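From first to last, the protein sequence lines stand for chains V and S. According to the numbering used here, the first sequence is numbered sequentially starting from 34. According to the numbering used here, the second sequence is numbered sequentially starting from 34. For every residue, glycine included, the Cβ atom is placed at its ideal position computed from N, Cα and C. Note that the structure is a prediction, hence the values are computed from the model and not measured. Accompanying notes for the structure given below.
Protein chains: 2
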Amino acid sequence: MHTFWGSVDGTLLRLDPEEIPHALKVLRLQPGDALHVLDGSGNRYTGTVTRAHKKEVIAEVQETLYDFGAVSGHLHLAIAPTKNVDRMHFFLEKAVEMGIHEVTPLVSFHSERRHWNAERAVRVMKAACTQSHKGKLPVLHPLQSLEDLIKQTDATRIRACMATCLEAPKESWVEILKAQPERPALLCIGPEGDFSLAEWEHAQQAGFQHVHLGAHRLRTETAGLYAVAAFAQRGL
Amino acid sequence: MHTFWGSVDGTLLRLDPEEIPHALKVLRLQPGDALHVLDGSGNRYTGTVTRAHKKEVIAEVQETLYDFGAVSGHLHLAIAPTKNVDRMHFFLEKAVEMGIHEVTPLVSFHSERRHWNAERAVRVMKAACTQSHKGKLPVLHPLQSLEDLIKQTDATRIRACMATCLEAPKESWVEILKAQPERPALLCIGPEGDFSLAEWEHAQQAGFQHVHLGAHRLRTETAGLYAVAAFAQRGL
Chain V
34 MHTFWGSVDG TLLRLDPEEI PHALKVLRLQ PGDALHVLDG SGNRYTGTVT
84 RAHKKEVIAE VQETLYDFGA VSGHLHLAIA PTKNVDRMHF FLEKAVEMGI
134 HEVTPLVSFH SERRHWNAER AVRVMKAACT QSHKGKLPVL HPLQSLEDLI
184 KQTDATRIRA CMATCLEAPK ESWVEILKAQ PERPALLCIG PEGDFSLAEW
234 EHAQQAGFQH VHLGAHRLRT ETAGLYAVAA FAQRGL
Chain S
34 MHTFWGSVDG TLLRLDPEEI PHALKVLRLQ PGDALHVLDG SGNRYTGTVT
84 RAHKKEVIAE VQETLYDFGA VSGHLHLAIA PTKNVDRMHF FLEKAVEMGI
134 HEVTPLVSFH SERRHWNAER AVRVMKAACT QSHKGKLPVL HPLQSLEDLI
184 KQTDATRIRA CMATCLEAPK ESWVEILKAQ PERPALLCIG PEGDFSLAEW
234 EHAQQAGFQH VHLGAHRLRT ETAGLYAVAA FAQRGL
């Protein structure tokens with residue numbers, strides 16, 4: 034059975050307009066066909082098509098599965114988008130597959146990319162949800178400055194961390210996750226040129242913890258993948 | 034100081050021909066300039082340019098650093114290349130950054146891709162070595178059938194594993210690595226359609242262990258990244 038993105042209103046499912054050409058022309062969906070619909074809430078609806086028109090595809094809910102593919106814990110990654118946006122999309126796709134909950138594209142002092150197409154990123158994330166059987170679309174925040182992110186973070190409530198290559202005492206991100214696997218965690222990953230010393234000091238004053246991501250020099254998006262994999266493996 | 038790929042003959046360093054245009058036209062390398070050279074052996078040579086010509090760039094070794102960026106343990110991933118080759122290149126780049134030692138592109142029953150441009154893959158791996166400061170180029174084997182790989186594997190000597198979604202008892206790849214972090218490990222990751230039951234049975238008879246990669250449905254290349262990250266984090 035095929036899975037589509039859409040919205041739900043009572044027992045009525047409505048496919049997203051961008052899903053319709055594929056649903057009708059490639060999969061030849063017709064009234065009476067069964068389908069799955071995700072709306073990003075965490076539910077997966079099973080329905081039967083009642084109307085299949087190029088302007089709208091409607092289905093009637095037959096069954097609702099709650100917390101479809103839910104991932105326990107809470108990981109929020111704030112990451113500076115790379116100059117090459119494909120690398121960031123690849124990261125997002127993999128991060129969703131491995132179970133991230135929240136992403137903030139970050140602008141910091143050394144950022145090379147200061148604009149960001151959120152719509153394309155959401156499309157990538159939705160496709161990854163469909164592919165990896167997850168009903169909950171991770172939160173994608175708008176592009177934000179590190180300063181604003183720090184201001185909004187309550188480091189007494191969540192485990193707030195910053196990964197840098199700066200010379201200063203650090204703990205292992207992997208060990209931090211293992212020590213408290215259920216505690217919500219935020220990790221900031223800087224741009225190609227790393228966070229500046231002033232940025233780290235600012236974060237430190239706000240209660241952020243300095244972390245390392247192992248022995249290797251990792252690109253920004255590889256650091257992100259490493260961090261999400263550690264989260265996925267923290268309780269295993 | 035810039036790093037280039039090349040070969041060494043006594044105290045003579047010779048840049049690879051494909052490095053020359055960039056070295057001369059972009060970086061404007063001239064006699065007397067200092068450079069680093071990697072030859073994939075694990076050494077990093079520091080040298081001084083003695084000849085900078087469009088047909089050859091030669092330098093004299095000043096210093097040799099052994100085991101540059103060496104990664105302890107030994108991880109060999111045998112992975113079925115994806116239909117979209119960009120995904121495989123992205124995987125290779127990240128795998129090198131995170132410290133893989135050996136890669137075998139695999140052809141199995143459900144493989145969609147049965148040809149493979151090894152030259153392009155090596156270029157990706159070399160660039161990842163340069164970027165992540167590793168002197169040893171991981172071994173990239175030619176495309177191989179699963180059958181041949183199984184035949185050549187001595188499962189009494191190395192920890193040989195196969196990851197599948199088949200219904201059969203499995204152990205956690207993460208736990209296996211943690212239990213014996215120093216033992217060389219081989220992991221087989223199948224194509225989009227997974228390994229077949231017959232393939233798993235064949236591997237099992239040869240002493241392979243059945244493993245899982247956590248709770249999520251992962252694409253082939255994401256499974257590869259997850260497996261390499263687990264290796265990088267096994268002893269942390």
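Leaving aside the five residues that flank Arg120/S on each side, the residues in its chain whose CB is nearer than 7 Å to its CB run, in chain order, Glu254. Apart from the 5 residues on each side of it in sequence, Ser229/V sits with its Cβ closer than 6 Å to the Cβ of Phe142 in its chain, given in chain order. Look at the region 164-194 of chain S: the residues with a C-beta under 9 Å from a C-beta of chain V are Gln164, Ser165, His166, Lys167. Shortest Cα-Cα distance from Arg156/V to any of Gly168/V, Glu126/V, Gly43/V involves Glu126/V. Interface with chain V (8 Å Cβ-Cβ cutoff): Lys87/S is excluded.
A direct Cα-Cα distance of roughly 55 Å separates Tyr99/V from Arg77/S.
Within the region 116-135 of chain S, the residues whose Cβ lies closer than 7 Å to some Cβ of chain V are Phe123, Lys127, Glu130, Met131, Gly132, listed in chain order. For Asp42/S, the enclosing beta strand (DSSP E) has its first and last residue at 36-42.
Between the region 242-260 of chain S and the region 157-165 of chain S, the count of C-beta pairs closer than 8 Å stays below three; the two stretches do not touch. The residues Glu93, Val94, in chain order, have a CB closer than 7 Å to that of Thr44/V in the same chain once the five nearest residues on each side in sequence are set aside. Counting only runs that start and end inside the region 139-218 of chain S, the alpha helix (DSSP H) elements of at least 4 residues fall at 151-165, 179-185, 206-212. Interface residue (Cβ-Cβ distance to chain V less than 8 Å): His55/S is not classified as such. Residue state for Leu258/S is assigned as helix, using DSSP reduced to three classes. A straight line joining the alpha-carbon of Ala188/V with that of Pro214/V spans about 16 Å. In the three-state DSSP reduction, Val82/V falls in the strand class (E or B). Going by DSSP, Arg120/S is part of the alpha helix (DSSP H) stretching over 118-131. Think of a sphere of 8 Å around the beta carbon of Ala262/V: the chain S residues whose beta carbon falls inside it are Leu258, Tyr259, Ala262, Ala263, Gln266, in chain order. In terms of beta-carbon proximity, Leu45/S stays away from the interface with chain V, with every pair separated by 8 Å or more. For His109/S, the beta-bridge partners assigned by DSSP are Glu135/S, Leu219/S.
The three-state reading of DSSP puts Gln237/V in helix, counting H, G and I together.
In the same chain as Arg190/S, and ignoring 5 residues on each side of it, the C-beta atoms closer than 8 Å to its own belong to Pro217, in chain order. Secondary structure of Thr253/V (DSSP, three-state): helix. The C-beta of Met34/V has fewer than 16 other C-beta atoms within 10 Å across all chains shown, which makes the residue exposed. Look at Thr255/V: its C-beta is under 8 Å from a C-beta on chain S. Spanning the alpha carbons of His174/V and Ile133/V requires a straight line of approximately 13 Å. As computed with DSSP, Arg47/V is found in a beta bridge with Ser40/V, Ile91/V. Distance from the Cα of Asp72/S is smallest, within the candidate group Val136/S, Met131/S, Leu170/S, for Leu170/S. DSSP places Glu225/S in the coil class of the three-state scheme, outside both helix and strand. Flagged as an interface residue toward chain S: Leu251/V, by a C-beta distance shorter than 8 Å. Excluding sequence positions up to five before and after Cys221/S, its CB lies within less than 6 Å of the CB of Ala111, Met195, all in the same chain and listed in chain order.
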